[in-house]
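In what follows, a structure is listed as structure tokens, so that the remarks can point back to it.
Here is the structure:
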């Protein structure tokens, strides 16, 4: 069995050759809305928001920690935005 990658950086070459349309299926917001509907879905979204959007770091927080939290915040905001679009039928 051959290794999947020769080095840890090989995946960059594959990523560079992929078509970057930044498009998603038309029904993706509806799918997100279905995943997060109901009491359980709301509880999960609330938990994610509290863990990321509602979290503040001190003035001495390391740059890496700040970047990590900002990435999490972006992802949670993205998910919440898709859920909102799906619920509105957009």
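Numbering (UniProt numbering), first residue to last: 1 to 90. The C-beta atom is built at its ideal place from N, Cα and C for all residues, glycine as well.
Same chain, Cβ closer than 7 Å to residue i, neighbours up to 5 away in sequence not counted
{"i": "residue 66", "result": "57"}
{"i": "residue 44", "result": "36"}
For residue i, three-class secondary structure by DSSP
{"i": "residue 69", "result": "helix"}
{"i": "residue 47", "result": "helix"}
{"i": "residue 42", "result": "helix"}
{"i": "residue 53", "result": "coil"}
{"i": "residue 25", "result": "coil"}
Exposure of residue i, with buried meaning 16 or more beta-carbon neighbours within 10 Å
{"i": "residue 86", "result": "buried"}
{"i": "residue 82", "result": "buried"}
{"i": "residue 29", "result": "buried"}
{"i": "residue 33", "result": "buried"}
{"i": "residue 36", "result": "buried"}
{"i": "residue 53", "result": "exposed"}
{"i": "residue 48", "result": "buried"}
Close Cβ partners of residue i (< 8 Å) along its chain, the five nearest in sequence each way excluded
{"i": "residue 42", "result": "36"}
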